[in-house]
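Asker:
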Amino acid sequence: MILVDADYVDKVAFNLIVNFERMIGRRIPQADFAKWIDCVSLDGGIREGEQETQVILLHDKQKEAMDNFTPGNYEELNGKAFKDQLGEFLINAYPAEDIVGSEQQFIDTLQLVCSQKETKRVMVIPNAEDLNIYNKVREALRKADDDKRITVFAMQPMTGGNFQQEILGYSLMAALGIRSEEIQAP
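Each residue of the sequence shown is one higher than the one before, starting from 0 at the first, in numbering that gives the first Met the number 0.
Right, dumping it as structure tokens:
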């Protein structure tokens, strides 16, 4: 299961595009959504095989698309799937509901995902730059079963928790087509 704050990931992709275009002196295309999901999956411990991975994109109901991903339109992505060497990925996009708000909806969805017995791996991409949200994610994950492999993605290492951490920027850079040799100092 991959749970994504889609608005946050889109903002991070935009910032990477702007900064790397200046740094490496070339136009950076939109991020390849499927490649990004594959990179997140690999970072979360998924290996080649016939598994099924649910991808949940939570977004502001005013936003129709991720502007920095292709494909990025939520309506077009919702209910779609793709299959590759890592298995099948089933994509659902849900707008935040006014009643609970996007922050609480993210936490509620995370708790629901973690409570499912059949879920073995959980990859979480919250807005970790907001410490209030990160603390709620960390608290929600404390209650998760010990048999689940949980990976939280953030732009920098974050303090504590009963989960693994990965740097979000690496998977996004791969999906944006930014190669390591382009950014290494001469």
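All C-beta atoms, glycine included, are put in the ideal place defined by N, C-alpha and C. In this text the structure is predicted, and so the values were computed from the model without any measurement.
1) Would you mind giving the Cβ-Cβ distance between PRO15 and MET172, rounded to the nearest angstrom? I have them listed as a contact below 8 angstroms.
2) Using 8 angstroms as the Cβ pair cut-off and three pairs as the minimum, do the segment 42–49 and the segment 20–34 touch?
3) Going by the beta-carbon positions, is the gap between ILE106 and VAL3 smaller than 7 angstroms?
4) Can you tell me whether GLY71 is buried or exposed? The criterion is at least 16 other CB atoms within 10 Å of its CB, across all chains shown.
5) Which residues in the same chain as GLN61 place their Cβ atom closer than 8 angstroms to its Cβ, once the five residues preceding and following it in sequence are excluded?
6) What's the call for GLU165, buried or exposed, on a 16-neighbour Cβ count within 10 Å?
7) Since LYS147 sits in a beta bridge, which residues does DSSP pair it with?
8) Contact criterion: CB-CB distance below 7 angstroms. Does SER101 meet it with respect to chain C?
9) Can you tell me where the alpha helix (DSSP H) holding LYS135 begins and where it ends?
10) Cα separation between VAL112 and THR118?
11) For PHE152, list the residues DSSP reports as bridge partners.
Answerer: On the basis of the data shown:
1) Looking at the sequence provided, one finds Leu at residue 15 rather than Pro. With a Cβ gap of about 7 angstroms, LEU15 and MET172 count as contacting.
2) no
3) no
4) buried
5) none
6) buried
7) According to DSSP, which records beta bridges pairwise, LYS147 is partnered with nothing at all.
8) The structure shown contains no chain C; it is built from a single protein chain.
9) 130–141
10) 7 angstroms
11) GLU165
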